[in-house]
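Enquirer:
Residue numbers (this note's numbering): 262 to 370.
1. In the structure shown, what three-state DSSP assignment does residue 363 receive?
2. Counting along the chain, where does the alpha helix (DSSP H) carrying residue 355 start and finish?
3. Could you tell me the distance, in whole angstroms, from the CA atom of residue 283 to the CA atom of residue 291?
4. How would you label residue 294, buried or exposed, when you count the other beta carbons within 10 angstroms and need 16 or more for buried?
5. Have a look at residue 299 and residue 310 and give me their C-alpha separation to the nearest angstrom.
6. What is the residue span of the alpha helix (DSSP H) that residue 287 lies within?
7. Near residue 357, which residues of its chain fall below 7 Å by C-beta distance, leaving aside the five closest residues on each side in sequence?
Here is the structure:
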């Protein structure tokens with residue numbers, strides 16, 4: 262399959278994630294959109310790694326591993342982000358009985 266399909270899918274997923282972060286007010290939806298953006302980057306990294314592996318051929322047997330290691334670390338960071346983010350959301354809900362992020366602006370005053 263050509264790399265253009267992967268790039269188009271990754272850009273589409275990333276744009277959906279950005280639009281969700283910018284337009285939604287629900288904190289859980291915002292976290293889901295951030296995860297969607299991280300997964301779009303992961304897809305692109307793996308696609309480029311696969312393209313590099315085919316370009317190099319059999320001259321370097323571990324050519325496809327580099328991006329997969331980056332993807333693993335991105336997934337670890339995303340899991341940590343979700344655990345901390347959900348803890349913050351739960352505490353916000355306990356204190357304000359809402360998960361609307363615009364409600365946090367009223368807490369400044």
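Glycine included, C-beta positions come from ideal geometry on N, C-alpha and C.
Expert: Working from what's here:
1. coil
2. 326 to 357
3. 8 Å
4. buried
5. 17 Å
6. Careful: residue 287 lies outside any alpha helix (DSSP H) and carries neither H nor E.
7. 364
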